[in-house]
Each structure stands twice: as C-alpha cells, then as structure tokens.
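Some notes on the structure that comes next.
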Amino acid sequence: MAERRSRYLRPALRPGADGWVAAARRVDSPNFDERPAGMPVGLVVLHNISLPPGQFGSGDIEAFFQNRLDATRHPFFATIHDVRVSAHFLVARDGELIQFVSCNARAWHAGLSDFFGRERCNDFSIGIEIEGCDDLPFTAAQYDTVAALVRELLAAYPSVGALAGHSDIAPGRKTDPGPHFDWDRLAGEAGLAPALLPYRTVRPAGK
Ligand SMILES: [Zn+2]
C-alpha cells in the first residue's frame with residue numbers, strides 16, 4: 002500500500018509556495034503579470050504547440066516564450082516572433098516538464114476566452130502546453146507527466162474545479178489540444194472525477 006500511495010503522491014511535481022515545481026526545468030519567461038488580487042486558481046487549460054509547426058525538439062518553443070524566436074529561421078516565425086505569450090508549463094515529447102511562469106502569476110496562454118461565462122481565463126487558470134499538433138498522437142511519456150502534474154496541481158490548489166482544452170474556452174478560434182488528445186486516458190491516469198471535465202461530461206455520447 003505504501004508503494005501505491007507514494008506513486009500517486011509524486012511530491013516532486015508539486016508546486017511550492019512560490020508556485021514553482023522544483024523538479025521541472027526552469028526557463029523563465031518575461032511574459033507574465035499578476036493575477037487579479039484575491040482571485041484563486043480555478044481552471045487548468047491544456048494546449049498543444051509545436052515550432053516550427055509539426056516539428057518537435059527544436060528548442061523554438063522555449064525561444065518563443067522568451068521573446069527570442071529567430072524570425073529568419075522559418076517563414077512561420079516571421080508571423081509570430083513579436084507575439085508575447087507564455088504558459089506555465091510545457092511537456093516535451095519525452096515527458097520532460099519545463100516551467101516558464103510561477104503558478105502564482107498570470108501566464109499569457111489563453112487569449113480571448115470564456116469558461117462558462119467567465120472571460121479572461123488567464124486570470125484564473127494554469128496553462129499546460131503539450132508539445133504536439135492536431136495531426137499526431139501524443140506520447141505515453143507526455144500522458145504520464147501531464148497526469149502526474151495535474152494530480153499535484155489539484156492537490157496544491159484545491160480551488161481548481163475544472164480542466165478544459167484551449168478549444169473549449171476559445172471555440173472557433175483555437176483547436177488545441179486537438180482530436181488526438183485522449184481525455185479519457187488522462188482522466189484515468191490522473192484519477193479525475195467526471196465533474197472536473199465539464200466539457201466532456203456534457204457532450205452527448207458518441208460525439
Ligand atoms: Zn492553445
């Protein structure tokens with residue numbers, strides 16, 4: 002029993018009081034500011050990202066979140082290099098966890114967004130980018146890390162009441178984490194109650 006318990010707690014991925022996960026590789030992004038005073042974290046938003054699009058492991062996501070993307074390296078980069086965005090976390094293809102912004106601060110990942118009538122989701126959410134795209138499956142290592150991280154975020158921030166995809170809170174504008182993201186697999190691995198997945202549970206069966 003002790004073994005099972007320790008596996009599920011995985012204290013190494015739990016954010017400290019400063020909002021940083023000690024076991025994550027820290028890559029500071031300047032793209033953050035304060036959350037509105039007194040506003041608790043209520044939502045975890047899952048995304049996918051790949052730079053250049055469809056390519057993995059280039060290091061360009063880190064560069065992008067640090068405002069040092071080389072606009073001459075790829076035609077797509079010229080269109081986004083001056084965009085100021087970030088997420089709290091990135092989960093690489095091999096499952097490595099990278100953290101850019103303290104969970105206590107507001108990262109700039111959701112943009113125009115609406116969670117059941119609450120706008121500006123950045124104010125009250127934690128953003129997790131999963132390295133990937135809408136056309137390819139994610140890796141087992143990524144599910145393991147995302148599940149372990151989500152479990153620890155729920156433990157550290159009991160005010161979190163839901164997980165959503167970027168496409169759920171910005172429908173028509175965003176498609177990530179995309180059709181290949183297996184929410185049932187995440188729910189199983191992280192032990193998520195159905196109430197934590199409001200966009201899944203309200204969906205008609207088979208859709
Ligand atoms: Zn997104």
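With the sequence shown counted from 1, adding 1 to any position gets you our numbering.
Using N, Cα and C, we set each Cβ at its ideal position, and we do this for glycine too.
The structure presented is a predicted model; accordingly, all values stated were derived computationally and were not measured.
Within the region 40-79, the beta strand (DSSP E) runs of at least 3 residues that lie entirely inside it are, in chain order, 44-50. Within its own chain, the residues whose Cβ lies closer than 7 Å to the Cβ of Arg201, once the five positions on either side in sequence are excluded, are Trp184, listed in chain order. Just so you know, the alpha carbons of His75 and Leu52 end up roughly 9 Å apart.
Taken through DSSP and simplified to helix, strand or coil, Phe116 comes out as strand.
Asp34 has Arg107 as its beta-bridge partners, per DSSP. Within the region 147-186, the runs of alpha helix (DSSP H) that reach at least 4 residues and sit entirely inside it are, in chain order, 167-170. Not one heavy atom of ligand 1 lies closer than 8 Å to the C-beta of Glu132. Taking 9 Å as the cut-off, the beta carbon of Asp135 is found no closer than this to the beta carbon of Asp169.
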